[in-house]
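>
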Ligand code: NAP
């Protein structure tokens with residue numbers, strides 16, 4: 131393990147609570163690997179978790195500026211509240227309405243959203259004509275907004291969203307459809323059987339099936355069997371890996387993508403932004419998988 135010295139620079143993640151965050155595991159593994167690669171026995175950067183309440187957020191953000199912090203991630207519940215504290219936000223962060231990565235500029239803190247890039251990364255390795263695909267998103271919370279922005283970037287003209295509250299579906303439609311130039315169709319869960327047979331990309335953004343509720347799945351094995359045989363099922367949940375949903379998917383011969391890859395790639399995108407060099411995504415993935423295996 132590299133030494134923290136007087137010259138070590140500061141990165142971190144703020145949220146409340148923060149104990150559950152896996153970002154320190156993968157970022158410090160990457161920072162250690164970069165130091166080892168340079169044959170250094172000291173760390174140039176260290177990445178730490180900060181429990182920050184909503185009340186303390188403005189003070190913490192301005193204090194981090196004063197001590198020369200090199201950048202940070204933001205997680206629940208501050209992804210929207212951070213925005214007025216920034217000097218600038220990227221178009222993708224504006225489109226999603228949330229910031230997860232912040233870095234210093236001459237005029238103050240700047241913010242972006244790397245969840246979209248993280249979501250897209252495993253899909254971009256597949257050979258599909260996205261302009262002919264209408265994805266179906268299960269759930270209409272914060273992550274669904276990043277997935278919608280990702281679908282727009284892929285070039286999907288229309289997206290179906292399934293939610294359990296009509297008012298939340300309407301709000302998502304009102305705030306995303308024109309901002310992302312997407313034709314968004316909304317459905318309540320009981321209407322989902324009508325869309326499944328035409329869904330070549332299904333994305334679960336609900337927490338159903340997340341540890342410790344690993345015997346739950348947003349769709350049953352027989353519902354998965356209604357998807358086209360070439361369908362991709364992408365579960366944003368990263369623990370367990372795979373979820374029951376993805377086990378149903380693999381058993382049926384369809385393509386499964388785990389949320390681990392999105393987690394790794396959104397982190398790698400943030401780290402490369404802070405360091406100005408490519409991040410070791412393989413090291414970050416290995417560190418996460420080793421942590422889950424403990
Ligand atoms: P969120 O804002 O709370 O949204 C969750 C959505 O799921 C809401 O629409 C909610 O419906 C719905 N939902 C919750 N319980 C449900 C149930 N029992 N049945 C049907 N729908 C249900 O959460 P989020 O921030 O979007 O995160 C969602 C999931 O994505 C979490 O598991 C999170 O870990 C994962 N995630 C992964 C990554 C990654 O990098 N892999 C990144 C972000 C998020 P209501 O609105 O009706 O409550």
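Residue numbers (our numbering): 131 to 424.
Just so it is clear, CB atoms sit at the ideal spot from N, CA and C, and this is done for glycine as well.
1) According to the neighbour-count rule (16 or more other Cβ atoms, all chains shown, within 10 Å of its Cβ), is residue 202 buried or exposed?
2) Please report the residue range of the alpha helix (DSSP H) in which residue 353 lies.
3) So with Cβ pairs under 7 angstroms, would you call residue 277 a contact of chain C?
4) Give the list of continuous alpha helix (DSSP H) stretches no shorter than 4 residues that lie fully inside the region 325-399.
5) Under 8 angstroms: do the region 234-247 and the region 322-341 share three or more Cβ pairs, one atom per stretch?
6) With DSSP collapsed to three states, give me the class of residue 139.
7) Nearer than 6 angstroms: is that true of the beta carbon of residue 270 relative to any heavy atom of ligand 3?
8) Helix, strand or coil, according to DSSP, for residue 158 in the structure here?
9) Which of the three DSSP states, helix, strand or coil, is assigned to residue 405?
10) Do you know offhand how far residue 191's Cα is from residue 296's?
11) Output yes or no for whether 7 angstroms exceeds the beta carbon distance between residue 199 and residue 161.
12) Relative to the C-alpha of residue 385, which candidate in 398, 404, 395 and 359 has its C-alpha closest?
13) Can you tell me whether residue 366 sits near ligand 1, meaning its C-beta is under 6 angstroms from at least one heavy atom of the ligand?
14) Determine the direct distance from the alpha carbon of residue 307 to that of residue 357, and round the result to whole angstroms.
15) So the candidates are 182, 175 and 216; which of them puts its Cα closest to the Cα of residue 195?
16) Return yes when the Cβ of residue 310 is within less than 7 angstroms of the Cβ of residue 279, no when it is not.
17) Between which two residues does the alpha helix (DSSP H) harbouring residue 107 extend?
18) How should residue 421 be labelled, buried or exposed, when 16 other C-beta atoms within 10 angstroms of its C-beta is the threshold for buried?
19) Taking the beta carbon of residue 134 as the centre, do at least 16 other beta carbons fall within 10 Å, making it buried, or is it exposed?
20) Nearest to residue 293 by alpha carbon, out of 286, 302 and 367?
21) Taking contact to mean at least 3 C-beta pairs separated by less than 8 angstroms, is the region 343-351 in contact with the region 276-291?
22) Rounded to whole angstroms, what is the Cα-Cα separation between residue 345 and residue 317?
23) Could you tell me the boundaries of the alpha helix (DSSP H) in which residue 245 lies?
24) Less than 6 angstroms separating the Cβ of residue 103 from some heavy atom of ligand 1?
25) By DSSP, does residue 146 sit in helix, in strand, or in coil?
26) List the endpoints of the continuous alpha helix (DSSP H) containing residue 278.
The answer reads as follows:
1) buried
2) 351-354
3) Of the protein chains in this structure there is only one, and it is not chain C.
4) 351-354 and 374-381
5) no
6) strand
7) Summarising the ligand content, the structure contains ligand 1 and does not contain ligand 3.
8) helix
9) helix
10) 36 angstroms
11) no
12) 359
13) yes
14) 25 angstroms
15) 216
16) yes
17) Because residue 107 is not part of the residues shown, which for the chain are 131 to 424, the question remains open.
18) exposed
19) exposed
20) 302
21) no
22) 25 angstroms
23) 245-253
24) Given a span of 131 to 424 for the chain in the structure shown, any question on residue 103 remains unanswerable.
25) coil
26) 272-284
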